[in-house]
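Residue numbers (full-length UniProt numbering): 1 to 665. Here the structure is laid out as structure tokens; the discussion comes afterwards.
This is the structure:
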């Protein structure tokens, strides 16, 4: 049953195409402000530095220069702009075009298209650097490369057929899902963060995460009992049920996937993580099979009709021992809850195991022996198919070798990402693992994962407010589009968009100027009111006349609570806490804030701290360009979102019309 993946593959490839499309459109609208010649970290500086030092740059960047020469002959206006800027727009536009074709058509939803998408995103990632260094960026690179082998091979393969390599690639997606989810659960405890150990992390998480949603406010109001049990569920879905991905029982594998699926839906509702959760859901669906998906036949048929992937008819036979299968996951859950996640213990803010016990398990040789069962699982799961399709062996050898190298190279970052103590362990085949990682690491094909190792902002979120002034008396705020600032405004939903400057402002608040050197570049642009950087802001109060002085103040932000209600040290009853969170009227303000300190004291345009950094980074002095401010790149104004939306709607309507006519005939 596990080998039927036609519907599943069609659905997963569409989800990945959507994630690629979201990423490319999101990056496209931010090129001018982040990486353009007049942006915060111009890509030209990265390219010039790489060229001077013979650093690796993806071949697509250089190939795009040939496309650029052709475009310049058609649009002479491009002659006035940097080759690097235009090249980034071209690469992003290619990604948008192929993402649309993959998402809304079946013909182009194939391995070649996913290869183009991967090369485009990897090229963009290589040039984007600081603003393209998040976990979802490396996850889409790693999983996107596997999609090249998982997607349909054009010309040689129909949409309904399956090959050995696609089944093997699916197992590699399972291995990636396990590494990413299992690591994310373990690193929280291995970091020794007290909030993860006493189960109080969610007391602070909803208000201190990078970009909260309006729903985050309501999640924050939930009683402490629910918050602690939610942390327990996070450990259950990440650490324990992720092991079930390799269970010999199909029902246990499905149960493990569904638990993490539920966790991702809750994260999606309570935080702005762009396409990250959608991408994770795609990885989870890749572990299911067509027989399970057909339990939601009406939804699958609807999606297949509008997105254009095949929905084959399968005869689902009722399994003889279905009662035993259901009892298996009930028994597993009962054992885990009884021995590790006892609700009574969780509500007291304790876990039933210690850090030393966890380290002992993860560092025990048996853990490594258990990992050796993964390739055995892959061989058994794919070997059943290969026995009946021996003719595929010769053509499968080259891609199979690539996937095996990726598997070997993933072991090192996985183990070291969980716990650095693995550095001293002697692995079974150290040379193969070492060499494999050496070959793949420049392309980000294997990575370590683990979000929120430590809970930051305990007691409130530090928030930076940038202000400008003409006389150091009257100060005005630069307003950002998504990050918290005005205490009366609701947090916004930006999914699946990734506002990268707003995210970096959150990281900057956790350190100082030395940890965020790009902030000096941002101030440089604000001192002459860069039109490109203004596109990243909600409002620049000095758009026409740049300020003489800029300062950055730090405030501590907290969500407001229901009027007249403060937490009673977590002692309120379940019903009382739940009614407070849902039924009571919300106060007028979403936030309350308190001034902490000047993160950066008032600086003038000629301050030596700034001018020295500008020279070091190769930025022009704002005084020299105030009179001739650079223009925004014309490709910035291409309505990529509107075009993609129109393209998708027109294809969906035409597909529905054609199918309705064929039914009449």
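Here a beta-carbon is modelled for each residue, glycine too, at the ideal position from N, C-alpha and C.
Compute the beta-carbon to beta-carbon distance between residue i and residue j, rounded to the nearest angstrom, for a pair I have assumed lies under 8 Å.
i	j	result
residue 605	residue 552	That belief does not hold up - the Cβ atoms of residue 605 and residue 552 are roughly 15 Å apart, past 8 Å.
residue 31	residue 636	7 Å
residue 47	residue 127	7 Å
residue 302	residue 284	Actually they are not in contact, since the Cβ atoms of residue 302 and residue 284 sit about 20 Å apart, beyond 8 Å.
residue 175	residue 12	Not quite, the Cβ-Cβ distance comes to about 15 Å (not below 8 Å), so this is no contact.
residue 100	residue 527	At roughly 39 Å, the Cβ-Cβ gap does not stay under 8 Å, so residue 100 and residue 527 are not in contact.
residue 206	residue 212	6 Å
residue 144	residue 16	7 Å
residue 184	residue 449	6 Å
residue 611	residue 624	In fact, because the Cβ distance is near 12 Å, the residues do not count as touching under 8 Å.
residue 131	residue 500	4 Å
residue 202	residue 166	Not quite, the Cβ-Cβ distance comes to about 39 Å (not below 8 Å), so this is no contact.
residue 149	residue 403	6 Å
residue 307	residue 14	5 Å
Using beta-carbon positions only, say whether residue i and residue j come within less than 8 Å of one another.
i	j	result
residue 414	residue 593	no
residue 656	residue 104	no
residue 460	residue 557	yes
residue 506	residue 92	no
residue 418	residue 272	no
residue 25	residue 644	yes
residue 532	residue 543	no
residue 488	residue 502	no
residue 409	residue 437	yes
residue 42	residue 36	yes
residue 290	residue 6	yes
residue 216	residue 491	yes
residue 382	residue 405	no
residue 511	residue 346	no
residue 90	residue 618	no
residue 186	residue 349	no
residue 590	residue 641	no
residue 509	residue 479	no
residue 170	residue 269	no
residue 407	residue 172	yes
residue 235	residue 341	yes
residue 22	residue 392	no
residue 309	residue 106	yes
residue 458	residue 204	yes
residue 547	residue 469	yes
residue 154	residue 229	no
residue 38	residue 639	no
residue 136	residue 288	no
residue 432	residue 168	no
residue 4	residue 447	no
residue 596	residue 535	no
residue 138	residue 444	yes
Which residues does DSSP list as the beta-bridge partners of residue i?
i	result
residue 477	467
residue 537	480
residue 600	552
residue 462	556
residue 175	DSSP output for residue 175 lists no bridge partner at all.
residue 442	Looking at the DSSP assignment, residue 442 forms no beta bridge with any residue, so it has no partner.
residue 595	555
residue 271	212
Consider the Cβ of residue i: report whether some Cβ of chain D lies at a distance smaller than 8 Å.
i	result
residue 258	This model lacks chain D altogether; it includes just one protein chain.
Touch test, the segment 541-555 against the segment 594-613, Cβ-Cβ under 8 Å, three pairs minimum:
yes
Check whether the segment 104-118 and the segment 240-255 touch, using three or more Cβ-Cβ pairs below 8 Å as the test.
no
Counting pairs of beta carbons, one from the segment 397-406 and one from the segment 191-198, are three or more of them closer than 8 Å?
no
Contiguous beta strand (DSSP E) assignments of at least 3 residues, all confined to the segment 279-304:
none
Are at least three pairs of beta-carbons, each pair with one atom in the segment 512-530 and one in the segment 449-456, less than 8 Å apart?
no
Cβ pair count under 8 Å reaching 3, the segment 236-245 against the segment 328-348
yes
I'd like the ranges of any alpha helix (DSSP H) spanning at least 4 consecutive residues and lying wholly in the segment 345-376.
355-362 and 365-371
What alpha helix (DSSP H) runs, 4 residues minimum, are completely inside the segment 216-258?
224-235
Mind pulling the alpha helix (DSSP H) runs of 4 or more residues that sit fully within the segment 101-132?
111-128
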